[in-house]
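Colleague: Can you keep this structure in mind? I'll have questions shortly.
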DNA sequence: GTATTTAAATATGTCATACATACCAAAGTA
DNA sequence: TACTTTGGTATGTATGACATATTTAAATAC
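Protein chains in written order, with my numbering: chain F, 1 to 233; chain C, 1001 to 1233.
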């Protein structure tokens, strides 16, 4: 059997069968303009319509299930679902798996969020919120236990996100926490952390109570100074 | 074969077989402390070890593949992979699927990022970067075509993220773009968009060139003013 | 005629088996 | 030494069957 030199040229499309089925389904979703709650055809029907095995269809569907785009209720058929944006990220954001660079970038991202959250805080703050924040700060000032202090530090910043009233941002921050913690625990960073913050949580609280967004940003920048020094390197 | 009355009591966990296999595999990954690059047992071996069918194992593995935690190279076996944090989100962040509230929150999140990115820009900016930004601004000032203007607006902000040097943030922003666009196109928002920004891209560029992070934040706040008005409601 | 029970139909979940396919490695050939 | 061939291997795909839980409809009891 003679093979022409062209046979060396691999087809561009190295997609597997399941990949194609996945794409085809996605197109189907779009064309049908399917909305959450809408029902899907049965697996067998999909397989028949595409001329492939139920096995392959199931694997493609499995991907959508994993992503949270569809939900299969046993023996009841499948429906389109409104996916949880971060559900998947939670499952992969383990320090074990991420490379150092990505971790570093996520670390920075948290700083960016922290610096940018001020505007919304001033839009959404209220007395109840501020009291809770106050309680945390007071606890912080009273304790000497380092472990407790660290815990309260997390709580303070978490409360800020809560005050933002934006559950998506809140979720995202919670997601970043383990990565952030891991980064902070790295030896190279430990020394910076030791340096006392030049602006305290109390300062932030006071500004949030009686100051302006602009002042808040300045104090927050000061509060995070050590971290910004860190990422300079 | 006698079955006690207790056999009627169904186990609390309504987990499916595949769910259990997934959990079991996850535990295996953790216990073995598997790192990216490490090989997994063959599907058949896993199935045999767990006493289940290869089908079920494959479906559990398929989930991990979808999440990007493992990679299957045909006929070569599977290995642990360093997952791409946002790869999954890209696949679900379609305006069709997300509910209004989540979209609104993502919209806000983009504003937060935009407000917080300044610090890092001043850390990472350089002449080459600024020239590119300048080029975009000049094009903007010369064109009258509204479509082009919108496109250049996106490019300007995208370039800011690029200057941040943080590919994770950059990716995230790209991810948010369609959602943002969708939100902006909503009628209720259209009127706000029509109001001319009180601080231009040129202003931002000038500050980035010769100003301070603090000034930059103030101008950015001014630049996004209309959007902030919008989310107040 | 209403209410409860039973039974059938249904669609996903799981299993077993076989074959296809592409990659690697080792043996064979010029 | 360089190239080709060949075979083993593990994932990818197909087929067919049965399990199981839910829904719907039929059947029975009152």
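Backbone N, C-alpha and C fix where the C-beta goes; we use that ideal spot for every residue, glycine too.
1. Using the Cα positions of residue 42(F) and residue 1071(C), report the straight-line distance between them to the nearest angstrom.
2. Taking only beta carbons into account, state which residues of the region 49 to 61 of chain F come closer than 7 Å to chain C, listed in chain order.
3. Please check the pair residue 1152(C) and residue 1140(C), which I expect to be a contact at CB under 8 Å, by giving their CB distance rounded to whole angstroms.
4. Would residue 1145(C) be called buried (16 or more neighbouring beta carbons within 10 Å of its own) or exposed?
5. Going straight from the alpha carbon of residue 68(F) to that of residue 1202(C), what length do you get?
6. Counting only beta-carbon separations shorter than 8 Å, does residue 1216(C) have a partner in chain F?
7. Which residues in chain F have a C-beta closer than 7 Å to the C-beta of residue 1069(C)? List them in chain order.
8. Roughly how many whole angstroms lie between the Cα atoms of residue 1177(C) and residue 231(F)?
9. Are the C-beta atoms of residue 83(F) and some chain C residue less than 8 Å apart?
10. Could you check if residue 27(F) is buried or exposed, using at least 16 other CB atoms within 10 Å of its CB as the buried criterion?
11. Tell me whether residue 1081(C) is buried or exposed, calling it buried when 16 or more other Cβ atoms sit within 10 Å of its Cβ.
12. Any C-beta of chain C within less than 8 Å: which residues of the region 106 to 136 of chain F qualify?
13. Could you tell me whether the region 1090 to 1104 of chain C touches the region 1123 to 1135 of chain C, using the rule of 3 or more Cβ pairs below 8 Å?
14. Excluding sequence positions up to five away, which residues of its chain have a Cβ less than 8 Å from the Cβ of residue 1115(C)?
15. Kindly give me the distance between the Cβ atoms of residue 1017(C) and residue 1056(C), rounded to whole angstroms, as I take these residues to be in contact under 8 Å.
16. So who's on the other strand from residue 1077(C), going by DSSP bridges?
17. Looking at the structure shown, is residue 1047(C) part of a helix, part of a strand, or coil, going by DSSP?
18. Measuring only between beta-carbons, confirm whether residue 75(F) sits less than 8 Å from chain C.
19. Cutting at 6 Å between CB atoms, please list the residues of its own chain near residue 1199(C), excluding the five before and the five after it.
20. Do you know whose CA, among 91(F), 161(F), 76(F), lies nearest residue 1065(C)'s CA?
21. Suppose the cutoff is 6 Å on Cβ atoms and the five residues either side in sequence are ignored; what does the same chain contact list for residue 1213(C) look like?
22. So, does the CB of residue 156(F) fall closer than 8 Å to a CB anywhere in chain C?
23. Taking residue 89(F) and residue 25(F) to be in contact with their CB atoms under 8 Å, please state how far apart those CB atoms are, rounded to whole angstroms.
24. Looking only at C-alpha atoms, which of 182(F), 21(F), 143(F) sits nearest to residue 50(F)?
25. According to DSSP, which residues form a beta bridge with residue 1039(C)?
26. If you count every other CB in all the chains shown that lies within 10 Å of the CB of residue 8(F), and 16 or more means buried, which is it?
27. Apart from the five residues on each side of it in sequence, which residues of its chain come closer than 8 Å, Cβ to Cβ, to residue 209(F)?
28. What residues in the region 145 to 169 of chain F bring their beta carbon closer than 7 Å to a beta carbon of chain C?
29. Under a CB-based cut-off of 8 Å, is residue 228(F) close to chain C?
30. Taking a Cβ distance cut-off of 9 Å, strictly less, list which residues of the region 24 to 43 of chain F are near chain C, in chain order.
31. Apart from the five residues on each side of it in sequence, which residues of its chain come closer than 7 Å, Cβ to Cβ, to residue 108(F)?
Modeller: So, from the data block:
1. Those two C-alpha atoms are separated by around 29 Å.
2. Among the residues of the region 49 to 61 of chain F, those with a Cβ less than 7 Å away from any Cβ of chain C are 59, in the order of the chain.
3. About 5 Å separates the two Cβ atoms, so the contact holds.
4. Residue environment: residue 1145(C) is assigned as exposed (fewer than 16 neighbouring CB atoms within 10 Å of its CB, all protein chains considered).
5. About 42 Å.
6. At a cut-off of 8 Å between beta carbons, residue 1216(C) makes no contact with chain F.
7. In chain order: 92, 97.
8. In this model, residue 1177(C) and residue 231(F) are separated by some 27 Å (Cα to Cα).
9. Judged by the 8 Å Cβ criterion, residue 83(F) is in contact with chain C.
10. With fewer than 16 Cβ atoms within 10 Å of its Cβ, residue 27(F) is classed as exposed.
11. Burial of residue 1081(C) is indicated by the presence of at least 16 other C-beta atoms within 10 angstroms of its C-beta.
12. Only 106, 108, 109, 111, 112, 113, 114, 115, 116, 117, 118, 119, 120, 123 from the region 106 to 136 of chain F bring a Cβ to less than 8 Å from some Cβ of chain C.
13. Taking one beta carbon from each stretch, the region 1090 to 1104 of chain C and the region 1123 to 1135 of chain C have fewer than 3 pairs nearer than 8 Å; the two do not touch.
14. The beta carbon of residue 1115(C) sits closer than 8 Å to the beta carbons of 1217, 1220, 1221, 1224 from its chain, once the five residues preceding and following it are set aside; these are given in chain order.
15. Contact flag correct, Cβ pair sits at about 5 Å.
16. Under DSSP, the beta-bridge partners assigned to residue 1077(C) are 1073(C).
17. Note: residue 1047(C) maps to helix in three-state DSSP.
18. By this cut-off, residue 75(F) is not an interface position.
19. So the list reads 1219, 1222, 1223, once near-sequence residues are dropped.
20. Looking at the Cα atoms, 91(F) is the closest of the given residues.
21. Apart from the 5 residues on each side of it in sequence, residue 1213(C) sits with its Cβ closer than 6 Å to the Cβ of 1118, 1119, 1122 in its chain, given in chain order.
22. Taking Cβ atoms only, chain C never reaches closer than 8 Å to residue 156(F), which makes this a no.
23. Residue 89(F) to residue 25(F), Cβ: 23 Å. No contact.
24. Comparing Cα-Cα distances from residue 50(F) to each of 182(F), 21(F), 143(F), the minimum goes to 21(F).
25. DSSP, once it has assigned bridges, lists 1079(C) as partnering residue 1039(C).
26. With a pLDDT of only 34 at residue 8(F), under the threshold of 50, the placement of this residue in the model should not be trusted, and no figure is reported.
27. Hits under 8 Å: 130.
28. Listed by position along the chain: 166, 167, 168, 169.
29. So, interface residue.
30. Answer in chain order: 26, 29, 30, 33, 34, 35, 36.
31. Closer than 7 Å at the Cβ level, and outside the excluded window around residue 108(F), lie 231.
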